[in-house]
Each structure stands twice: as C-alpha cells, then as structure tokens.
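Add 77 to a position in the sequence shown, counting from 1, and you land on the number used in this note's numbering.
Take a look at the structure below.
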Amino acid sequence: MAKRQSVNGSRARHENPIPNASRVGNVVMSSVIGGANPGSRELPASLDQQIANVFHHIRHDIEAAGGSVDDIVKVTFWVKDPSTQRAALNAEWVKMFPDADARPARHTLTLPPDSRAQVQADFTAVIT
C-alpha cells in the first residue's frame, strides 16, 4: 500500500496542522481552499479576486503534488449565493478548463451565512 504524503508546495496555507493536500499513490485530495491572497491570510473584499485566488491555489496544490490541472477529476465549491455568484465562478472555470469535452466534474454548495469567505473549494485528482 502506498504511503500518504502531505502536499504543501512552496507554502502551507492553513493555521491548523493540516496540509494543503494529501497524496496516496496517484490520488490527490485537497484540504479546503480559501480565497486568501497568495502568501498571506488576507481575504480580499472582491468576489472576483477571491475566486481568482482559489483557482491560483488549486493550480499550486496540484502542481505541488506532481500533477497538473488536467489530472483533476472533481472540484466542489462553496459560495455565499450560487444564483448570483455562478457567473464569476464560471469565468475562472472556463479559463482553467477551456476544453468543454475534458472538464472535471463540479458541485456547488452554499456557504453558511456567517462565513467571512465568499468562496471556498476542494478538489480530487488522479495523477496519470
């Protein structure tokens, strides 16, 4: 059985003792990915910037695990209001996954009303 490896790349983002992602064999699962500015815990006020940061962190984490965004099979997002925020999410989604015939699965859920964040995500990947 393959040993589990913590994945942090150039920077760990979490205050708690958890890695950005974990890899066992060719499977990678991320921890929660927030919209903080890279290299800090500062959360921008803008939804667009938080979403751009989430996608930046997704790319960083999968590459730190030895893969690429082409290895991602599913992304789950949590947003404050899916009905009004989906367009901003879709804009970055299409930038990262431009081929409509080769996009990962996606699920979008609602964040609790008291959340500071406007968007969070996690992903699952199989590195080929």
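Idealized CB from N, CA, C, for every residue including glycine.
Task: One or two residues paired with Val150 in a DSSP bridge - done: None; Val150 has no bridge partner.
- [ ] Determine the closest residue to Lys172 out of Gly86, His133, Gly144, Gln82, with distance taken between C-alpha atoms.
- [x] Comparing Cα-Cα distances from Lys172 to each of Gly86, His133, Gly144, Gln82, the minimum goes to His133.
TODO: Kindly give me the distance between the Cβ atoms of Arg193 and Leu120, rounded to whole angstroms, as I take these residues to be in contact under 8 Å.
DONE: The pair is a contact, with the Cβ atoms about 6 Å apart (cut-off 8 Å).
Task: Three-state secondary structure assigned by DSSP to Val109 - done: Residue state, collapsed to three classes: coil.
- [ ] Starting from the N-terminal side, write out each stretch of the alpha helix (DSSP H) that is 4 residues or longer and does not extend beyond the region 120 to 198.
- [x] Complete alpha helix (DSSP H) runs here, min 4: 124 to 141, 159 to 173.
Open item on the list: Which residue wins for smallest C-alpha separation from Thr161, given the options Gly102, Leu186, Pro115?
Closed with: When the alpha-carbon of Thr161 is set against those of Gly102, Leu186, Pro115, the nearest one is in Leu186.
Open item on the list: Using the Cβ count rule (16 or more neighbours within 10 Å means buried), how would you classify His202?
Closed with: In the sequence as displayed, the identity of residue 202 is Ala instead of His. Its Cβ being crowded by 16 or more others within 10 Å, Ala202 is buried.
Task: Closest residue to Arg88 among Lys151, Glu140, Asp125 (Cα-Cα distance) - done: When C-alpha distances from Arg88 are compared across Lys151, Glu140, Asp125, the shortest belongs to Glu140.
- [ ] Would you identify the three-state DSSP class for Arg100, choosing helix, strand or coil?
- [x] Strand at Arg100.
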